[in-house]
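A short worksheet on the structure shown next.
Numbering (my numbering), first residue to last: 75 to 305.
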């Protein structure tokens, strides 16, 4: 067994879940946090005084396959995923085709998924649309919105295959649906998750638990593919 987090600052974390520990360890860049771990072979916990920093884990992973094919794994729709994809596509001059692997991609940020789709489609193409409850109105009243492609299309002539599975969800489905609806990519694999909603995280102030940050996740939007209007 590896190291086990048993304390964060002055709080006992021995019974916390991974998420509870992560929420308490996170904080403003440059601030300090004291983390205590229990390590196998040591009788007493070991304390580490850590300075918080910005952590970036790439969402886009690129490689080249035989036959001149580019292979991109998008493992989540994280912040800066579109920028990372943009850098990859601008280095695809010699590629004969592109495989975009969205398998096991749980999605992420709505705006980031729209910017990802924007890279592949012609300006003016509808990227996706959403439906939500009208502000201040009853649940039966809804409002709709949509987003159009604004930026020049990258790799317009490059054949694309998109791989999906039953774990492809949310923002990843938006990207796959947009490419499929405009015949910009051949989508292959299993039926995707079919999430079709956007969730908003709302902080809750609950006492007593000063070290923990409670949040409520609420479905606030329904998403539809640009042409087929599927969830």
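The beta-carbon is built from N, C-alpha and C at its ideal position, and this holds for glycine as well.
Within 8 Å, strictly: CB atoms of residue i and residue j
| i | j | result |
| --- | --- | --- |
| residue 224 | residue 192 | yes |
| residue 176 | residue 246 | yes |
| residue 311 | residue 133 | Given that the chain is displayed from residue 75 to residue 305, the structure contains no residue 311 and the question cannot be resolved. |
| residue 104 | residue 131 | no |
| residue 155 | residue 190 | yes |
| residue 124 | residue 106 | yes |
| residue 222 | residue 199 | yes |
| residue 112 | residue 162 | no |
| residue 178 | residue 136 | no |
| residue 194 | residue 143 | no |
| residue 151 | residue 186 | yes |
Opposing strand residues paired with residue i [DSSP bridges]
| i | result |
| --- | --- |
| residue 256 | Partner(s): none; residue 256 has no beta bridge. |
| residue 172 | 144 and 234 |
| residue 221 | 202 |
| residue 79 | 111 |
| residue 151 | 182 |
| residue 261 | 236 |
Residue i versus the options, residue with shortest Cα-Cα distance
| i | options | result |
| --- | --- | --- |
| residue 102 | 129, 228 and 257 | 129 |
| residue 321 | 198, 234 and 113 | In this structure the chain extends from 75 to 305, so residue 321 is not present and cannot be described. |
| residue 266 | 188, 184 and 180 | 180 |
| residue 173 | 164, 139 and 244 | 139 |
| residue 229 | 82, 153, 242 and 171 | 171 |
| residue 82 | 122, 185, 164 and 184 | 122 |
| residue 159 | 110, 78 and 249 | 249 |
| residue 114 | 242, 78 and 167 | 78 |
| residue 183 | 227, 164, 243 and 226 | 243 |
| residue 238 | 226, 227 and 259 | 259 |
| residue 84 | 91, 196, 166 and 99 | 99 |
| residue 116 | 152, 91, 76 and 94 | 76 |
| residue 164 | 120, 108, 88 and 226 | 226 |
| residue 196 | 203, 141, 257 and 157 | 257 |
| residue 153 | 86, 166, 188 and 262 | 188 |
Range covered by the beta strand (DSSP E) that runs through residue i
| i | result |
| --- | --- |
| residue 96 | From DSSP, residue 96 is part of no beta strand (DSSP E) but of the alpha helix (DSSP H) over 92-99. |
| residue 108 | 106-112 |
| residue 139 | 134-139 |
| residue 121 | 120-125 |
First through last residue of the alpha helix (DSSP H) which encompasses residue i
| i | result |
| --- | --- |
| residue 87 | Neither: residue 87 is in no alpha helix (DSSP H) and is coded neither H nor E. |
| residue 162 | 155-163 |
| residue 38 | Residue 38 lies beyond the residue range present for the chain, which begins at 75 and ends at 305; the question has no answer from this structure. |
| residue 184 | 184-192 |
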